[in-house]
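Heads up: the sequence shown begins at 83 in this note's numbering, then just goes up one per residue. Each remark here refers to the structure printed beneath this line.
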Amino acid sequence: MNYVLADEPGGAWPAALSLTVHAVLFALLFVGLHWQTTHPDAVVVELWSQLPEIQEPQPAAPPQAEPKPEPKLQPPAKAEAKISKPDIAVEREKKTAKKRDEPPLRFDTTQRIREQLAQEQKALQSRERQNILKEFAQPAAPATPDATYVDKIRTKIKLNIVIPPDIKGNPEAVFDVVQLPTGEVLSARLRTSSGHQAYDDAVERAILKSSPLPKPDRPEQFRRELTLKFRPRE
């Protein structure tokens, strides 16, 4: 049995390829070893015998306000032409200036206070004198009531009088009547008798029956106490 052997590769090409591969592997190994064996950087230590003073931080200066621009002064307006004033206005100004130049009038306050006190004292004495006179003066007589007002009252009372049949002549009976502002009769008191008891009683009954009495036309005519006279033949 015959075997045929292949031709072995030979020459420069295979040798160059082998060298290239080995060179690449060697370079990779060298770089890996060099990276792993890198020494750390040296540490430098400085020794101090005393701690240095620490300066506190200074506060920041506040921001300065920007200066405001000064307002520009406007030029004064042109003076208007002066108008001639009338003579009356000129005289008035002269009088005003004269009054200002005159010194103010000075009043003697002490004299004024004395006069005021004297007036008050006189008024007080006058009031005291009037009060004394009122105390010792006699009470004034009541004013005479209005005749028309009294006639209205007497007319109403006379309509209610029942005259006794046995009365003789024309005797007069006088009564003091007290009433309220509403006209209601408070009392009827006999002042002067007519001499006939039956007639006096009849007049008293008529006065009480006529309550309330007629009111006056004006309030100032009202009288609380009245003196009324009655005759049977009137």
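For every residue, glycine included, the Cβ atom is placed at its ideal position computed from N, Cα and C. Everything numeric in this text was worked out from a predicted model, so none of it was measured.
For this session: Verify whether the separation of the beta carbon atoms of glycine 277 and proline 314 is less than 7 Å.
Result: Counted from its first residue, the sequence shown places residue 277 at position 195. Counted from its first residue, the sequence shown places residue 314 at position 232. Their beta carbons are not under 7 Å apart, which means glycine 277 does not touch proline 314 by this criterion.
For this session: Could you have a look at threonine 264 and say whether DSSP puts it in helix, strand or coil?
Result: Residue 264 sits at position 182 when you count from the first residue of the sequence shown. Note: threonine 264 maps to coil in three-state DSSP.
Problem set entry | Whole-angstrom C-beta distance between proline 296 and phenylalanine 304, which should lie under 8 Å | The residue labelled residue 304 in the question sits at position 222 within the sequence shown. The residue labelled residue 296 in the question sits at position 214 within the sequence shown. Not really, about 11 Å apart at Cβ, beyond 8 Å.
Problem set entry | Helix, strand or coil at glutamate 320 [DSSP, three-state] | A question about residue 320 goes unanswered here, because the residues of the chain that appear run from 83 up to 316.
For this session: With a threshold of 16 other CB atoms inside 10 Å of the CB of leucine 99, please say whether the residue is buried or exposed.
Result: The residue you call residue 99 lines up with position 17 of the sequence shown. Under this definition leucine 99 is an exposed residue.
Problem set entry | Beta-carbon gap between glutamate 307 and valine 260 smaller than 7 Å | As a first step, residue 307 must be located in the sequence shown, where it is residue number 225. As a first step, residue 260 must be located in the sequence shown, where it is residue number 178. Yes, these two residues count as a Cβ contact at 7 Å.
Problem set entry | Limits of the unbroken beta strand (DSSP E) element including glutamate 295 | Residue 295 sits at position 213 when you count from the first residue of the sequence shown. The question names glutamate, yet the displayed sequence has leucine at residue 295. Counting along the chain, leucine 295 falls outside any beta strand (DSSP E), and DSSP gives it neither H nor E.
Problem set entry | Contact set for aspartate 228: own chain, Cβ-Cβ below 6 Å, skip 5 residues either direction | Residue mapping note: residue 228 aligns to position 146 of the sequence shown, counting from 1. For aspartate 228, where only same-chain residues beyond five positions count, the Cβ hits under 6 Å are Gln303.
For this session: Kindly list the residues whose CB is nearer than 6 Å to the CB of arginine 273, restricted to its own chain and excluding five residues on each side of it in sequence; keep chain order.
Result: Counted from its first residue, the sequence shown places residue 273 at position 191. Result list for arginine 273: Val256 and Asp258, in chain order.
Problem set entry | Local Cβ density within 10 Å of leucine 310, reported as buried at 16 or more and exposed below that | Position 228 of the sequence shown holds residue 310. The residue is buried, with at least 16 neighbouring Cβ atoms inside 10 Å.
Exercise. When we look at the beta-carbon of isoleucine 243 and count the other beta-carbons within 10 Å, is it buried (16 or more) or exposed?
Worked result: Here residue 243 is taken as the residue at index 161 of the sequence shown, counted from 1. Counting Cβ neighbours within 10 Å, isoleucine 243 comes out buried, since at least 16 surround it.
Exercise. Just how far apart, CA to CA, sit arginine 236 and serine 292?
Worked result: Translated into positions along the sequence shown, residue 236 becomes position 154. Translated into positions along the sequence shown, residue 292 becomes position 210. Going from the Cα of arginine 236 to the Cα of serine 292 covers about 10 Å.
Problem set entry | Neighbourhood of glutamate 266 by C-beta, 7 Å cutoff - its chain only, sequence neighbours within 5 removed | Residue 266 sits at position 184 when you count from the first residue of the sequence shown. So the qualifying residues of the chain are Ser293 and Pro294.
Exercise. Which residues does DSSP pair with phenylalanine 257 in a beta bridge?
Worked result: Position 175 of the sequence shown holds residue 257. According to DSSP, phenylalanine 257 bridges with Leu272 and Leu310.
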